[in-house]
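K.L.:
Residue numbers (the working numbering): 247 to 375. Quick reminder that beta carbons are idealized off the backbone N, C-alpha and C, glycines included. All figures in this text were calculated on a predicted structure; none of them were measured in a lab.
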Amino acid sequence: MISLLALALVAGDPQPDIVPGCEPDAPIRDPAVCKPLYDDGTYVIQNVESVAVGTKEEMKRVREMTRHCELANRIDGVGAVDVSVYDIVNADTVSRACVIGWINENAPNLAFSEEKYKQRLKDAPLLED
């Protein structure tokens with residue numbers, strides 16, 4: 247009896263069916279098919295993707311040099327160290343390819359990966375006040 251109860255608790259509620267391509271971490275999510283990640287009635291976020299990692303100044307340069315891609319973005323700083331992540335917001339295939347293409351061609355050492363992010367955090371000196 248206890249094993250059946252434990253199994254029921256572990257199983258929990260079934261996960262709702264997620265339409266392929268509408269996963270929260272999908273780089274491009276079709277607004278005609280996928281619910282937004284965020285919608286406050288004024289601003290809608292359909293997708294967010296981290297595409298570069300480096301210092302705050304490096305991320306500002308990526309932003310400036312990819313401005314022609316016409317894509318919403320944000321620079322997300324870590325805090326006590328000079329490590330920032332450049333995120334693109336509401337990308338479509340053209341704007342995403344524009345930004346990632348520029349990074350791969352001009353600053354491949356800044357292209358985002360979890361491993362690179364963790365290494366940057368490990369190696370970064372603390373910021374001074």
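How many Å lie between K362 and E304 at the Cα?
P.N.:
Each residue's Cα considered, the two are about 15 Å apart.
K.L.:
Determine the extent of the beta strand (DSSP E) in which E310 is found, giving its start and end residues.
P.N.:
Segment K302 to M311 is the alpha helix (DSSP H) holding E310; no beta strand (DSSP E) there.
K.L.:
If we count the other Cβ atoms within 10 Å of its Cβ and call it buried at 16 or more, is A337 buried or exposed?
P.N.:
Classification of A337: buried, given that the 10 Å Cβ count is 16 or more.
K.L.:
Over the uninterrupted alpha helix (DSSP H) stretch that includes I349, give me the two end residues.
P.N.:
That run of the alpha helix (DSSP H) goes T339 to N352.
K.L.:
For T312 and I274, I'd like the C-alpha separation in whole angstroms.
P.N.:
Going by the C-alpha atoms only, they are around 18 Å apart.
K.L.:
Spatial neighbours of R320 within its chain, please: C-beta separation below 7 Å, excluding the five flanking residues on both sides.
P.N.:
So the list reads D333 and V335, once near-sequence residues are dropped.
K.L.:
Tell me whether D369 sits in a helix, a strand or coil according to DSSP, three-state version.
P.N.:
Correct three-state label for D369: helix.
K.L.:
Our contact map puts L367 next to V327 with C-beta atoms below 8 Å; I'd like the distance itself, whole angstroms only.
P.N.:
Contact flag correct, Cβ pair sits at about 7 Å.
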